[in-house]
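For reference, the structure discussed in these notes is given below.
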Amino acid sequence: QKEVEQNSGPLSVPEGAIASLNCTYSDRGSQSFFWYRQYSGKSPELIMSIYSNGDKEDGRFTAQLNKASQYVSLLIRDSQPSDSATYLCAVNPAAGNKLTFGGGTRVLVKP
Amino acid sequence: EPEVTQTPSHQVTQMGQEVILRCVPISNHLYFYWYRQILGQKVEFLVSFYNNEISEKSEIFDDQFSVERPDGSNFTLKIRSTKLEDSAMYFCASSEFGRARGETQYFGPGTRLLVL
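Protein sequence lines, in the order shown, are assigned to chains A and B. For the first sequence, the residue numbers in this note's numbering are 120 to 230. For the second sequence, the residue numbers in this note's numbering are 184 to 299.
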């Protein structure tokens with residue numbers, strides 16, 4: 120069973136601080152990695168995708184990938200109360216198109 | 184901006200009844216997916232569909248489930264005889280190319296299914 124693991128949280132951060140979220144995956148052949156944001160009762164919304172080792176920045180978000188360690192992370196800079204949501208790590212395994220999701224990390228940004 | 188749409192937003196049904204969930208993927212996308220999320224649990228893959236046939240399915244997608252693209256725009260998920268444990272949020276997703284070109288999947292708003 121190919122797994123994606125995340126700390127469920129909640130991760131509580133003050134407004135303006137950096138939120139750091141982590142994700143590990145078991146399928147070493149995985150090629151594509153995604154961070155989605157999910158508000159309660161809503162659908163997953165894509166934040167970022169990353170395919171190569173290293174960092175990828177998009178606005179206040181930075182994704183980091185380390186395939187050797189089977190680890191992907193997301194940094195949220197200057198956290199805002201509107202960033203309060205569950206962040207889902209999703210991995211495309213070595214074979215097929217499906218996404219395997221982690222259980223999500225709940226983030227609470229306190230004003 | 185193009186988006187995936189789903190109908191209905193909510194569906195309540197009796198155990199044993201058939202339900203059809205409908206989706207309109209993004210118009211130039213070639214790959215379509217169904218996922219489900221039981222309340223408080225992970226998003227789980229059900230099935231992927233390409234070129235009018237199933238390309239991959241999970242263990243959850245048993246004989247009670249079927250998918251169809253009845254016309255050029257709709258993509259449906261049918262549950263033949265619903266069970267209590269089918270109660271979940273069902274998400275449709277689509278992607279333009281699939282894994283060969285990078286397969287960002289865009290999700291619809293979901294259908295919340297409640298089986299009584």
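Don't be surprised by glycine CBs; every beta carbon is placed ideally from N, CA and C. All values reported here derive from a predicted model rather than from experimental measurement.
Practice item. Verify the CB distance criterion: does residue 256(B) have a CB-CB separation below 9 Å to chain A? Key: no
Check your understanding: What are the start and end residues of the beta strand (DSSP E) that includes residue 183(A)?
Key -> 180-185
Point to revise | For residue 263(B) and residue 151(A), the rounded distance between their alpha carbons | key: If I take the Cα positions, the gap works out to 34 Å.
Review point. Taking residue 292(B) as the reference, which of 132(A), 223(A), 160(A) has the closest Cα?
Key: 160(A)
Exercise for review: Check whether the Cβ atoms of residue 208(B) and residue 241(B) lie closer than 9 Å to each other.
Suggested key: no
Point to revise | Three-way DSSP call (helix, strand, coil) for residue 198(A) in this model | key: coil
Exercise for review: Would you mind reading off the limits of the beta strand (DSSP E) that contains residue 259(B)?
Suggested key: 258-262
Point to revise | Residues of its chain near residue 193(B), where Cβ-Cβ distance is below 6 Å and the 5 sequence neighbours each way are ignored | key: The beta carbon of residue 193(B) sits closer than 6 Å to the beta carbons of 295 from its chain, once the five residues preceding and following it are set aside; these are given in chain order.
**Study point:** Under 9 Å from the C-beta of residue 135(A): neighbouring residues of chain B
**Key:** Per Cβ cutoff of 9 Å: no residues; residue 135(A) is ~29 Å from chain B at best.
Check your understanding: Can you name the residues of chain B whose CB is closer than 8 Å to the CB of residue 217(A)?
Key -> 216, 228, 231, 239, 241
Check your understanding: Taking only beta-carbon atoms, is residue 182(A) less than 9 Å away from chain B?
Key -> no
Review point. Looking at residue 172(A) and residue 187(A), is the spacing between their C-beta atoms short of 9 Å?
Key: yes
Exercise for review: Find the nearest neighbour of residue 229(A) within the set 217(A), 176(A), 199(A), 157(A), judged by alpha-carbon distance.
Suggested key: 199(A)
Practice item. Evaluate the contact criterion for the region 213-224 of chain A versus the region 179-186 of chain A: three or more CB pairs, one atom per stretch, below 8 Å. Key: no
Check your understanding: Applying a beta-carbon distance threshold of less than 8 Å, which residues of chain A neighbour residue 289(B)?
Key -> 165
Exercise for review: Measuring alpha carbon to alpha carbon, tell me which of 147(A), 132(A), 134(A), 131(A) ends up nearest residue 191(A).
Suggested key: 147(A)
Practice item. Work out the CA separation of residue 244(B) and residue 237(B) for me, nearest whole Å. Key: 11 Å
Check your understanding: Just the Cα atoms here: how many angstroms apart are residue 214(B) and residue 252(B)?
Key -> 11 Å
Point to revise | chain B contacts from the region 183-208 of chain A (Cβ-Cβ distance under 9 Å) | key: 207
Check your understanding: Comparing alpha-carbon positions, which option in 132(A), 126(A), 133(A) lies nearest residue 141(A)?
Key -> 126(A)
Check your understanding: Can you tell me the Cα-Cα spacing of residue 121(A) and residue 210(B), whole angstroms?
Key -> 31 Å
Review point. Looking at the C-beta of residue 163(B), does it have a partner C-beta in chain A at a distance below 9 Å?
Key: The shown model of chain B, from 184 to 299, leaves out residue 163(B), and the question about it has no answer.
Review point. Does any C-beta atom of chain B lie closer than 9 Å to the C-beta of residue 211(A)?
Key: yes
**Study point:** CB-CB length for residue 195(B) against residue 290(B), believed under 8 Å
**Key:** With 8 Å as the limit, residue 195(B) and residue 290(B) do not qualify as a contact, their Cβ atoms being about 22 Å apart.
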